[in-house]
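Quick notes on the structure that follows.
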Amino acid sequence: CVTQIGLNLSPELSDRSIYPYYTRMSTTFNVYVKPLVSIVTKFNWKKIGFLVQDYSAFKSVASELERDFMARNISYSKRMYFTDATAALTSLL
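Residue numbers for the sequence shown follow the working numbering, so the first one is 9 and each next one is one higher.
Right under this line is the structure:
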């Protein structure tokens, strides 16, 4: 029962039988970081895990998230994947 929030439009992540807690944020990459950090802060989460697809646009957002998490002393773990997020998610959990 791990809440998962993301932008990824991958068909694999749309499969609710595999990723029942994955929720997409309907926003652009440029405004993704602030809303996500607001959610983390609002719920007082101290440890965050995130998956990043091996694609340059996703990597830049991940870098912004890492900087923001470090500035707020929020622990995080990041896993990268290319096409199938299953192994990365398993490793993260």
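Built from N, CA and C at the ideal position, the CB exists for glycine as well.
Asked	Found
Pick from Glu20, Lys86, Ala79: whose alpha carbon is nearest that of Lys67?	Lys86
Confirm, please, whether the CB-CB distance from Tyr84 to Lys55 is below 9 Å.	yes
Looking only at its own chain, which residues have a Cβ that is under 7 Å from the Cβ of Phe77, when we skip the five neighbours before and after it?	Ile56, Tyr84
Val41 and Val69 look like a contact to me (Cβ under 8 Å); what is the Cβ gap, rounded to whole Å?	6 Å
Drop a sphere of 10 angstroms on the beta-carbon of Leu59, count the other beta-carbons inside from all chains shown, and report buried for 16 or more, exposed for fewer.	buried
For Thr98, tell me which candidate among Tyr27, Ser22, Glu72 has the shortest Cα-Cα distance.	Tyr27
So the alpha helix (DSSP H) Leu46 belongs to, where does it begin and stop?	Reading off the sequence shown, one finds Ser at residue 46, where the question assumed Leu. Where Ser46 is concerned, the enclosing alpha helix (DSSP H) stretches over 41 to 50.
Residues in the same chain with beta-carbon distance under 7 Å from Leu21, minus the five sequence neighbours each way, listed in chain order, please.	Tyr27, Tyr30, Ala93
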